[in-house]
Amino acid sequence: MLMSRILADPARARRFVAFVAPPKEASVLDVWAGSGIIAWAFTYRTKEVVSLVRGGRPLAWVARRPNLVLMEADSRSFELPFPNEAFHIVTSGLPLHHIPRVREMLLEMWRVCVPGGLLAFEETVSHEQDVRARYQDRLERLRDRSHGRYFRLSELIHLLGEGGFWPRRIQVIDLQRDFNEWLAGVKVSARKVELIRRLMAGAQEADLSGLDIKVVDDTFVFTQKVAWVVAERIG
């Protein structure tokens with residue numbers, strides 16, 4: 630999984646947590662730290678955050694927060710090492726579409742969340758139209774071979790219901806991406822880069838992408854949709 634500086638933006642993470650509006654005395658569990666940005670942002674508004682590190686390391690400065698506890702966890706296991714109903718809020722620093730067996734993880738997140746507690750996360754979502762959704766996934770896989778596929782927002786809502794969560798608030802924001810920033814730090818062959826350029830140019834002409842692709846200063850800029858989701862544990 631590759632983490633862009635745009636996706637790991639501290640300012641946006643703080644805005645996301647403000648959207649969640651957690652109680653000050655809330656205890657938070659981050660089931661998969663990723664960059665650690667989401668857990669870090671929660672520390673400014675809640676009592677304590679426990680974040681599970683599953684391979685890789687969070688950004689170094691994230692660990693300096695005094696009310697953040699980083700715990701090592703096995704990325705192959707989805708059993709959370711906590712008793713039932715232990716946390717007021719559960720979240721994931723790693724996007725759900727990158728978590729294998731995400732349905733199992735959601736059931737575990739439900740188990741450790743108190744009744745009436747919250748599941749809160751942000752997730753890049755694909756277009757609801759099938760052709761555009763497939764295009765977006767193809768583009769992402771050319772850049773990042775580990776990419777499976779994005780969820781559509783309607784799929785996310787259904788997935789939450791299966792996991793025992795009821796969506797309370799959803800906000801979809803535009804995330805502006807630059808072609809060079811999007812490729813930064815990724816090992817992509819020159820052949821694939823050229824293929825991506827051709828796909829973007831063709832999609833722009835035919836309006837196939839749902840990404841609002843534009844040419845600016847001899848490069849492409851495009852817009853991804855990111856959903857902020859707050860759901861309540863039911864049952």
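Once you know that position 188 of the sequence shown is 817 in the numbering used here, the rest is easy, because the numbers rise by one and skip nothing.
Glycine included, C-beta positions come from ideal geometry on N, C-alpha and C.
With distances taken from CA atoms, which of the options is nearest residue i?
| i | options | result |
| --- | --- | --- |
| V859 | I842, L688, L723 and G746 | G746 |
| D803 | V743, Q758 and K854 | K854 |
| V845 | V760, R806, Q800 and E769 | R806 |
| L828 | K843, K816, G814 and V815 | K843 |
| V698 | R826, E677, L812 and L782 | E677 |
| A650 | I728, I718, H776 and Y764 | I718 |
| V850 | Q800, F711 and L812 | L812 |
| D847 | A647, L840 and A830 | A830 |
| R643 | T675, W661 and E733 | T675 |
| L789 | R774, T720 and G839 | T720 |
| F902 | S706, N809, D841 and V801 | With the chain covering 630 to 864 only, the question about residue 902 has no answer from this structure. |
| F707 | M734, F808 and G839 | M734 |
| P712 | G722, E737, I635 and V731 | E737 |
| E784 | D759, E769, P652 and S775 | D759 |
| P710 | A689, W661 and P687 | W661 |
| K653 | G814, E810 and A670 | A670 |
| P729 | S775, Q833 and E769 | S775 |
Using a Cβ-Cβ cutoff of less than 7 angstroms, which residues in the same chain neighbour residue i once the five nearest sequence positions on both sides are dropped?
| i | result |
| --- | --- |
| W739 | G792, G793, F794 and R862 |
| T672 | V678, R694, N696 and L697 |
Specify, as a first and last residue, the run of the alpha helix (DSSP H) that residue i falls within.
| i | result |
| --- | --- |
| K821 | A819 to A835 |
| A762 | D759 to R772 |
| S755 | It is not in any alpha helix (DSSP H) - S755 instead sits in the beta strand (DSSP E) that spans C742 to S755. |
| I786 | L782 to E791 |
| L614 | Here the chain has residues from 630 to 864 only, and residue 614 is not among them. |
Less than 8 angstroms between the C-beta atoms of residue i and residue j, yes or no?
| i | j | result |
| --- | --- | --- |
| I666 | V682 | no |
| F750 | S656 | no |
| S680 | D703 | no |
| F645 | H726 | no |
| L771 | K821 | yes |
| L824 | R761 | no |
| V731 | E714 | no |
For residue i, which residues in the same chain have their Cβ closer than 6 angstroms to its Cβ, ignoring the five residues on either side in sequence?
| i | result |
| --- | --- |
| R798 | V859 |
| A637 | S664 and I666 |
| S755 | A762, Q765, Y779 and R781 |
| E752 | P724, L725 and A856 |
| E701 | V682 |
Would you kindly report the start and end of the unbroken beta strand (DSSP E) that includes residue i?
| i | result |
| --- | --- |
| R862 | T848 to R862 |
| V844 | K843 to V845 |
Is the closest heavy atom of the ligand PLP to the C-beta of residue i under 7 angstroms?
| i | result |
| --- | --- |
| T672 | Absent from the structure shown: the ligand PLP. Ligands present: none. |
Might you give, ordered along the chain, the residues of its own chain that have their beta carbon closer than 8 angstroms to the beta carbon of residue i, omitting 5 neighbours on each side?
| i | result |
| --- | --- |
| G684 | S704 |
message = Could you tell me which whole alpha helix (DSSP H) segments of length 4 or greater appear in the stretch 644-719?
response = Here the runs fully enclosed are 666-672.
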